[in-house]
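Read the structure below first, then the notes.
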Amino acid sequence: MAHVEHAASAPAILQEVKPAVLPRAVLVGHGRSFSWITDKICGIIEGKTPAWWWWCFIVACFVASFTVAGLVYLVATGVGVWGHANPVNWAWDIVNFVFWIGIGHAGTLISAILCLLRQKWRTSINRAAEAMTIFAVVCAAIFPVFHVGRIWYAWYLFPIPNSNIIWQNFRSPLEWDVFAVSTYGTVSVLFWYVGLLPDLAVLRDRFYAAGNKFRSFLYGLFALGWRGSNRHWSNYEMAYIILAGISTPLVLSVHTIVSFDFAVSLLPGWHTTIFPPYFVAGAIFSGFGMVLTLMLPLRAVYGLEDLITQYHIDCMCKITLATGTIVGYAYSMEFFIAWYGANPYEGFAFINRAFGHYAWAYWIMITCNVITPQFFWFKSVRNNTALVWVLSIFVNVGMWFERFVIIVTSLARDFLPSSWGYYSPSIVEIFTFFGTFGVFSVLFLLFIRFLPVMPMAELKAVTPQADVHGGHDHH
Amino acid sequence: MSTAATTTTNLATMAAQTHGLIATFETPRDLYHAAEQVRDAGYRNWDCITPFPVHGLDKAMGLRRSIVPRISLAGGITGFITGMTMIWWTGQVDYPLTVGGKPLFSPMFAFPVSYELTILFTAFATIGGMLIVNGLPKHYDPVLKYEHIRRGMDDTFFIVIEARDPRFHAANTKALLEKAGGKAITELEA
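Here the protein sequences line up with chains D and Y, keeping their order. Under our numbering, the first residue of the first sequence is numbered 1, with each subsequent residue one higher. Under our numbering, the first residue of the second sequence is numbered 476, with each subsequent residue one higher.
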């Protein structure tokens with residue numbers, strides 16, 4: 001009705017010059033039905049555990065044991081087992097922390113920002129991307145918690161009354177970071193869980209019908225009695241959009257505050273105002289790199305080509321290209337400001353970055369972060385899944401090196417030449433970091449085995465047959 | 476003897492008690508138009524069961540805007556005030572300690588933490604509010620006992636009209652659902 005009235009009141013010219021009908025990308029391939037989606041996604045959980053899953057799981061556990069061993073050794077011996085020494089007192093621990101937190105940001109971007117922008121293609125990848133966020137935050141949290149040395153005092157980070165009576169220093173960006181990261185972790189888990197709620201109900205009912213009472217009970221426990229009531233959906237959708245709305249400023253604030261850890265200091269190379277936007281863009285860039293690294297193999301092994309279509313890969317490659325270019329712009333702008341600001345210390349810090357002792361790290365960073373994404377301009381590259389996967393690995397490597405370059409080069413050459421040094425990681429640090437990939441993989445493998453990897457309800461809602469108005473756009 | 480008789484009568488009434496009627500619809504569009512008819516017939520205690528949020532169904536059901544945003548707002552305001560108050564009280568009142576020559580309290584440096592707490596409290600209020608408004612977690616609902624409910628989580632759509640609705644009348648309500656295109660209209664046990 002509304003359309004008819006609108007057409008009647010519109011100027012007559014609109015009747016003649018009709019806007020072209022834009023072809024809409026197909027989000028679910030081959031016109032799959034609702035029950036096909038349910039069967040496909042639940043089938044992954046209900047089916048027998050594939051052999052490759054066990055092999056991956058065993059390898060991942062083995063790799064994760066490096067982190068466990070590294071941390072046990074650290075706690076038993078002292079934080080000196082890491083390679084930190086004056087003047088480089090922040091090194092791999094903070095590099096790894098910022099790296100993992102950044103990885104997580106793409107998950108929130110996909111689930112929150114793309115939800116607000118009504119980018120419907122996000123639906124098939126958002127669940128796995130959110131899971132990636134949570135597991136990345138877990139890996140990230142290991143480093144700042146353990147770098148305090150005496151881990152049993154880590155609770156001093158929070159304003160809990162203690163026997164020393166004094167409180168935390170809220171003027172410090174490090175304290176802001178405690179709140180930013182813990183809020184980010186908590187809200188990510190809540191957002192993820194709310195998204196899972198209807199899908200857990202599906203699994204509850206399917207396992208019940210299949211006679212598996214135990215698993216039905218477990219999924220039912222977490223489904224909270226969800227029954228698909230539209231009165232519930234109405235509140236649910238409102239809650240979901242609000243969570244998306246608050247996660248958007250949250251994700252931007254988290255990496256902004258992480259960048260404050262550096263930007264608020266006075267160290268040349270850190271003390272720059274470009275850091276917040278530059279860190280956020282870098283985080284999204286690295287996060288999309290990781291999403292591609294994870295989703296492309298997942299799509300291949302589970303045959304999810306109808307749900308993660310070429311269009312999805314295209315979109316992700318383009319976002320990687322856009323954010324990678326922003327990062328490249330930030331690199332050049334840092335140099336420009338170092339020269340334009342006419343501060344000799346700042347100027348030296350940047351010349352030293354590109355041509356000093358750590359030049360090798362700098363040029364790895366430039367190659368991976370600035371040059372790699374430029375390949376995504378070409379459709380032939382975006383269509384070559386194997387190549388996209390390889391390039392996404394380069395993005396991950398490059399973004400790790402970015403944090404290394406920022407942190408270590410600035411600290412190793414500070415104001416006084418007498419205190420200059422060269423930092424190399426100890427074997428304990430290397431093992432601890434290497435192991436976090438195992439920790440991440442263990443968690444991710446458990447996720448794909450026991451939880452629906454894609455939001456079934458959301459996927460069904462973007463299929464053509466879900467539209468009650470018969471296909472035309474009514475927004 | 477009389478006690479036994481009363482018990483029998485009670486059992487008889489209980490068996491006759493229904494939660495309501497449930498009707499099946501194959502497509503979202505059928506459900507949408509049926510929902511409009513049920514709404515226009517003036518029912519209040521009724522619901523649609525859908526595997527995903529059907530766009531526009533809230534309007535077809537005549538639902539009012541969700542009150543969850545108000546709860547979220549309350550949570551957000553609480554979070555912001557909590558942050559500011561905590562930093563002011565710990566830094567200026569309970570243990571004043573000058574660090575780096577900076578003021579004991581300033582809304583500037585208190586802002587990032589208060590901002591994060593605003594978001595944290597909003598998130599809890601939103602989810603808590605959504606669950607409370609929806610009456611979840613709920614251990615049991617008669618709808619979940621319906622033998623085909625599993626398909627309602629998969630690819631089928633239902634309308635449930637509850638017997639407690641003042642307009643509910645076993646025959647007339649059934650006729651309405653039939654007219655609206657509902658299939659397999661069944662009584663739900665309470």
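Backbone N, C-alpha and C define an ideal beta-carbon position, used for all residues, glycine too. These numbers were taken from a predicted model, which means no experiment stands behind them.
Given residue i, which residues of its chain have a CB within under 6 Å of its CB, disregarding the five upstream and five downstream residues?
i, result
"PHE400/D", "Strictly speaking, residue 400/D in this sequence is Trp, with Phe absent from that position. The answer, listed in chain order, is PHE99."
"SER589/Y", "PHE555, GLY558 and MET559"
"GLY398/D", "MET365, CYS368 and ASN369"
"ALA131/D", "PHE447"
"SER441/D", "ALA60"
"ARG519/Y", "ASP640"
"PHE350/D", "PHE335 and ALA338"
"HIS6/D", "The predicted position of HIS6/D is uncertain, since its pLDDT is 49 and thus under 50; a value taken from the coordinates is nonetheless stated next. No residues qualify anywhere along the chain."
Counting only Cβ pairs nearer than 7 Å, list the residues of chain D close to residue i.
i, result
"ARG504/Y", "VAL468"
"ILE602/Y", "LEU190, VAL194 and ALA239"
In chain D, what lies closer than 8 Å to residue i by C-beta?
i, result
"THR661/Y", "None at all; the shortest Cβ gap to chain D is about 16 Å."
"PHE584/Y", "PHE170 and ARG171"
"THR565/Y", "PRO159, TRP167, GLN168 and PHE170"
"GLY575/Y", "ARG171"
"ILE636/Y", "Going along chain D, no residue has its Cβ under 8 Å from ILE636/Y, so there is no contact; the nearest lies around 13 Å."
When the Cα of residue i is compared with those of the options, which residue comes out closest?
i, options, result
"ILE366/D", "SER380/D, TYR329/D, ALA466/D and ASN169/D", "TYR329/D"
"THR597/Y", "LEU250/D, ALA359/D and ILE313/D", "LEU250/D"
"PHE394/D", "ASN369/D, LEU416/D and THR409/D", "ASN369/D"
"THR272/D", "TYR311/D, GLU334/D and ARG413/D", "GLU334/D"
"ASP177/D", "PRO50/D, GLY282/D and ALA141/D", "ALA141/D"
"PHE222/D", "PRO526/Y, HIS614/Y and PHE599/Y", "HIS614/Y"
"VAL568/Y", "TRP521/Y, PHE580/Y, VAL635/Y and PRO503/Y", "PHE580/Y"
"ARG171/D", "SER541/Y, PHE586/Y, ASP640/Y and GLY517/Y", "PHE586/Y"
"GLU429/D", "VAL405/D, TRP90/D, ILE45/D and ALA342/D", "TRP90/D"
"THR510/D", "ILE58/D, HIS147/D, ALA338/D and PRO50/D", "The question about residue 510/D has no answer, for chain D in this structure spans 1 to 475."
"CYS56/D", "PRO464/D, PHE450/D, TYR311/D and LEU446/D", "LEU446/D"
"LEU595/Y", "ILE607/Y, THR553/Y, PRO612/Y and VAL618/Y", "THR553/Y"
"GLY149/D", "LEU71/D, THR133/D and PHE450/D", "LEU71/D"
"ASP39/D", "GLY324/D, ALA283/D, LEU304/D and GLY228/D", "LEU304/D"
"PRO455/D", "PHE431/D, ALA129/D, ALA69/D and VAL75/D", "ALA129/D"
"ALA322/D", "TYR302/D, THR309/D, GLY347/D and ALA283/D", "ALA283/D"
"ASP515/Y", "ALA535/Y, ASN647/Y, LEU496/Y and HIS530/Y", "ALA535/Y"
"GLU175/D", "LEU224/D, TRP233/D, PHE260/D and ALA239/D", "PHE260/D"
"PHE404/D", "THR133/D, ILE58/D, LEU74/D and VAL88/D", "VAL88/D"
"THR133/D", "TYR184/D, ALA180/D, TYR153/D and VAL388/D", "TYR184/D"
"GLY195/D", "SER547/Y, PRO528/Y, TRP521/Y and GLN492/Y", "PRO528/Y"
Chain Y partners of residue i, CB-CB under 7 Å?
i, result
"VAL187/D", "ILE594, LEU595 and ALA598"
"ARG231/D", "ASP522 and LEU538"
"ASP205/D", "ILE624, ARG625 and MET628"
Beta-carbon within less than 7 Å of residue i's beta-carbon, same chain only, minus the 5 sequence neighbours each way: which residues are those?
i, result
"LYS460/D", "PHE34, ILE37 and ALA466"
"ALA650/Y", "none"
"GLY220/D", "ARG204"
"GLY287/D", "GLY102, ILE103, GLY104, HIS105, ALA106, GLY107 and LEU109"
"ALA457/D", "PRO198 and ASP199"
"HIS494/Y", "PRO617, GLU637, ALA638, LEU663, GLU664 and ALA665"
"HIS472/D", "For HIS472/D, the pLDDT reaches just 46, beneath the cut-off of 50, and the residue's location in the model is therefore unreliable, although a value from the coordinates is still provided. Excluding sequence neighbours, HIS472/D sits near nothing in its chain."
"PHE207/D", "ARG215, SER216 and TYR219"
Below 9 Å on C-beta distance, what does residue i contact in chain Y?
i, result
"PHE34/D", "PRO526, PHE527, ASP629, ASP630 and THR631"
"GLU237/D", "PRO528, ASP533 and SER541"
Of all Cβ atoms in chain C, is any one closer than 8 Å to the Cβ of residue i?
i, result
"PRO612/Y", "No chain C appears in the structure shown, which is made up of the protein chains D and Y."
Whose Cβ in chain D lies nearer than 9 Å to the Cβ of residue i?
i, result
"LEU652/Y", "Going along chain D, no residue has its Cβ under 9 Å from LEU652/Y, so there is no contact; the nearest lies around 16 Å."
"VAL568/Y", "Those within 9 Å of VAL568/Y in chain D number zero; the least Cβ separation is about 10 Å."
"LYS620/Y", "The premise fails here: LYS620/Y is roughly 10 Å from chain D at the closest Cβ pair, so nothing lies under 9 Å."
"TYR507/Y", "VAL468 and HIS469"
Residue i versus chain Y: which residues are under 8 Å apart at the beta carbon?
i, result
"TRP176/D", "PRO587, VAL588 and GLU591"
"LYS120/D", "Result: empty, since nearest Cβ-Cβ is about 11 Å, beyond 8 Å."
"GLY211/D", "What GLY211/D touches in chain Y: nothing, since even the nearest Cβ is about 13 Å away."
Sorted by chain position, which residues of the same chain lie with C-beta nearer than 8 Å to residue i's C-beta, five sequence neighbours on each side aside?
i, result
"PHE500/Y", "LEU506, ALA509, THR631, PHE632, PHE633, ILE634, GLY656, GLY657 and LYS658"
Run the proximity test for residue i: is its beta-carbon closer than 7 Å to any non-hydrogen atom belonging to the ligand ZN?
i, result
"PHE99/D", "No copy of the ligand ZN occurs in the structure displayed, which carries no ligand at all."
The segment 251-260 of chain D contacting the segment 89-106 of chain D, beta-carbon criterion three pairs below 8 Å
Flag = yes, the segment 251-260 of chain D and the segment 89-106 of chain D touch.
Start-end ranges of the alpha helix (DSSP H) lying completely within the segment 593-660 of chain Y, minimum 4 residues
With a minimum length of 4 residues, the continuous alpha helix (DSSP H) runs that stay inside the segment 593-660 of chain Y are 624-627 and 645-654.
Check whether the segment 346-365 of chain D touches the segment 310-324 of chain D, taking contact to mean three or more Cβ pairs, one atom from each stretch, closer than 8 Å.
No, because fewer than three Cβ pairs between the segment 346-365 of chain D and the segment 310-324 of chain D fall closer than 8 Å, the two stretches do not touch.
So, does the segment 155-162 of chain D touch the segment 76-89 of chain D, judging by three or more C-beta pairs under 8 Å?
By the criterion of at least three beta-carbon pairs nearer than 8 Å, the segment 155-162 of chain D is not in contact with the segment 76-89 of chain D.
Could you tell me which uninterrupted alpha helix (DSSP H) segments, each at least 4 residues in length, are contained entirely in the segment 88-154 of chain D, listed from first to last along the chain?
Taking only runs of at least 4 residues, the alpha helix (DSSP H) segments lying wholly in the segment 88-154 of chain D are 92-108 and 123-147.
Between the segment 110-130 of chain D and the segment 265-279 of chain D, do at least 3 Cβ pairs fall closer than 8 Å?
As far as the Cβ criterion goes, the segment 110-130 of chain D does not touch the segment 265-279 of chain D, which means the pair count is below three.
So within the segment 388-473 of chain D, which uninterrupted alpha helix (DSSP H) runs reach at least 4 residues, ignoring any that extend past its ends?
Runs found: 427-450 and 456-461.
Check whether the segment 647-662 of chain Y touches the segment 533-540 of chain Y, counting contact only when three or more Cβ pairs, one atom from each stretch, lie closer than 8 Å.
As far as the Cβ criterion goes, the segment 647-662 of chain Y does not touch the segment 533-540 of chain Y, which means the pair count is below three.
Taking three-plus beta-carbon pairs below 8 Å as touching, is the segment 231-246 of chain D in contact with the segment 285-305 of chain D?
No, the segment 231-246 of chain D is not in contact with the segment 285-305 of chain D.
Counting only runs of 4+ residues fully inside the segment 275-361 of chain D, write out the alpha helix (DSSP H) ranges in chain order.
Taken in chain order, the unbroken stretches of alpha helix (DSSP H) that lie wholly in the segment 275-361 of chain D and span 4 residues or more are 275-302, 310-340 and 344-355.
List in chain order: all unbroken alpha helix (DSSP H) runs of 4+ residues lying wholly within the segment 171-242 of chain D.
Runs of alpha helix (DSSP H) with 4 or more residues, each lying fully within the segment 171-242 of chain D, are found at 173-209 and 213-223, listed in chain order.
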